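Scroll down for the structure; my scribbles are underneath it.
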Ligand code: MN3
């Protein structure tokens with residue numbers, strides 16, 4: 103069964119005013135769909151990979167045939183990243199993190215505010231396109247990292263707990279060149295319940 107774009111778990115307009123409806127429509131229906139289509143096209147050449155999850159493909163990229171390795175890295179990455187992204191947002195989200203993830207963030211970063219600052223800084227400084235993440239590192243520590251393009255942290259053995267998309271397509275229509283403003287606004291739609299699930 104070919105990979106498919108999961109439906110958005112809310113309306114395109116649900117994250118207004120922080121993320122506008124037109125951005126959500128294009129981002130989900132066009133950008134995410136393109137990653138899925140390109141992934142399926144690449145995998146058609148190697149049917150033995152058809153039943154592997156995107157995560158399994160990315161965790162072991164060296165076992166993916168070389169002729170499709172870059173396509174899988176970019177497009178399985180794009181599919182996995184965006185599938186998480188829609189889930190870790192919700193209307194009327196935000197606020198300080200509850201549950202275990204809130205405690206662990208405080209322990210690792212000093213305070214929620216210090217964590218937000220580090221996350222926003224890493225997202226602002228990512229040159230070009232990419233993502234900013236909270237991960238549980240390979241060594242078991244909570245860390246803020248950023249990755250280029252559609253690289254998912256699992257490629258380097260980290261567990262992605264949450265991430266924000268800093269490609270221009272994620273914010274340009276509403277925020278134009280003001281990426282830091284988007285990064286700040288994004289905290290209003292963060293779904294801490296889902297992030298706590300991912301943390302476990
Ligand atoms: Mn995107």
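Residue numbers (the numbering used here): 103 to 302.
Virtual Cβ for every residue (Gly too), placed ideally from N, Cα, C.
This structure is a prediction, so every number in the text was calculated from the model and none was measured.
- Query: Hey, residue 125 and residue 275 are a contact pair by Cβ (cut 8 Å); roughly how many whole angstroms apart?
  - Reply: Here residue 125 refers to the residue found at position 23 when the chain shown is read from its first residue. Here residue 275 refers to the residue found at position 173 when the chain shown is read from its first residue. So it is a contact: roughly 5 Å between Cβ atoms.
- Item | Beta bridge counterpart(s) of residue 261 as assigned by DSSP | Position 159 of the chain shown, counted from the first residue, corresponds to residue 261. 238, per the DSSP bridge assignment.
- Query: What is the rounded straight-line gap between the Cα of residue 128 and the Cα of residue 298?
  - Reply: Within the chain shown, numbered from 1, the residue matching residue 128 stands at position 26. Within the chain shown, numbered from 1, the residue matching residue 298 stands at position 196. Their Cα atoms are separated by approximately 28 Å.
- Task: Please confirm whether residue 135 and residue 156 have their CB atoms less than 8 Å apart.
- Result: Within the chain shown, residue 135 is the residue found at index 33, counting from 1. Within the chain shown, residue 156 is the residue found at index 54, counting from 1. Their beta carbons are not under 8 Å apart, which means residue 135 does not touch residue 156 by this criterion.
- With DSSP run on the structure shown, which of helix, strand or coil describes residue 268? As a position in the chain shown, residue 268 is number 166, starting the count at 1. The answer is coil: DSSP assigns residue 268 none of H, G, I, E or B.
- Query: Using a threshold of 7 Å, is the CB atom of residue 261 nearer than that to any non-hydrogen atom of the ligand MN3?
  - Reply: Taking the first residue of the chain shown as 1, we reach residue 261 at position 159. Incorrect: residue 261 has no Cβ contact closer than 7 Å to the ligand MN3.
- Item | Reference residue 301; option with closest CA among 277, 196, 121, 201 | If you number the chain shown from 1, residue 301 lands on position 199. Ranking 277, 196, 121, 201 by Cα distance to residue 301 puts 201 first.
- Query: How many Å lie between residue 217 and residue 159 at the Cα?
  - Reply: Start at 1 with the first residue of the chain shown, and residue 217 comes out as number 115. Start at 1 with the first residue of the chain shown, and residue 159 comes out as number 57. Distance between the alpha carbons of residue 217 and residue 159 is about 31 Å.
- Query: Exposed or buried, what is residue 325 when buried is set at 16 or more other beta-carbons lying within 10 Å of its beta-carbon?
  - Reply: The displayed coordinates of the chain run from 103 to 302. Any statement about residue 325 would go beyond what the structure contains.
- Message: Shorter than 7 Å, the distance from the beta carbon of residue 269 to the closest heavy atom of the ligand MN3, or not?
- Response: Residue mapping note: residue 269 aligns to position 167 of the chain shown, counting from 1. Yes, since a heavy atom of the ligand MN3 falls inside the 7 Å radius drawn around the Cβ of residue 269.
- From what residue to what residue does the alpha helix (DSSP H) around residue 200 run? Residue 200 sits at position 98 when you count from the first residue of the chain shown. Note, residue 200: premise wrong, no alpha helix (DSSP H); not H, not E.
- Where does the unbroken beta strand (DSSP E) through residue 173 begin, and where does it stop? Residue numbering aside, residue 173 sits at position 71 when the chain shown is read from its first letter. Counting along the chain, residue 173 falls outside any beta strand (DSSP E), though it belongs to the alpha helix (DSSP H) covering 168 to 189.
- Message: Could you pull the DSSP bridge partners for residue 225 from this structure?
- Response: Numbered from its first residue, the chain shown carries residue 225 at position 123. Paired residue(s): none; residue 225 is not in a bridge.
- Pull up the distance between the alpha-carbon of residue 223 and that of residue 130, whole angstroms please. On the chain shown, residue 223 is found 121 positions in, with the first residue counted as 1. On the chain shown, residue 130 is found 28 positions in, with the first residue counted as 1. Taking the straight line joining both Cα atoms gives about 26 Å.
- Segment contact flag, the region 181 to 194 with the region 206 to 213, C-beta cutoff 8 Å, min 3 pairs: Flag = no, the region 181 to 194 and the region 206 to 213 do not touch.
- Message: Can you determine whether any heavy atom of the ligand MN3 sits closer than 7 Å to the C-beta of residue 130, and answer yes or no?
- Response: Working through the chain shown from its first residue, we reach residue 130 at position 28. With a threshold of 7 Å, the Cβ atom of residue 130 does not count as near the ligand MN3, since no heavy atom of the ligand is closer than that.
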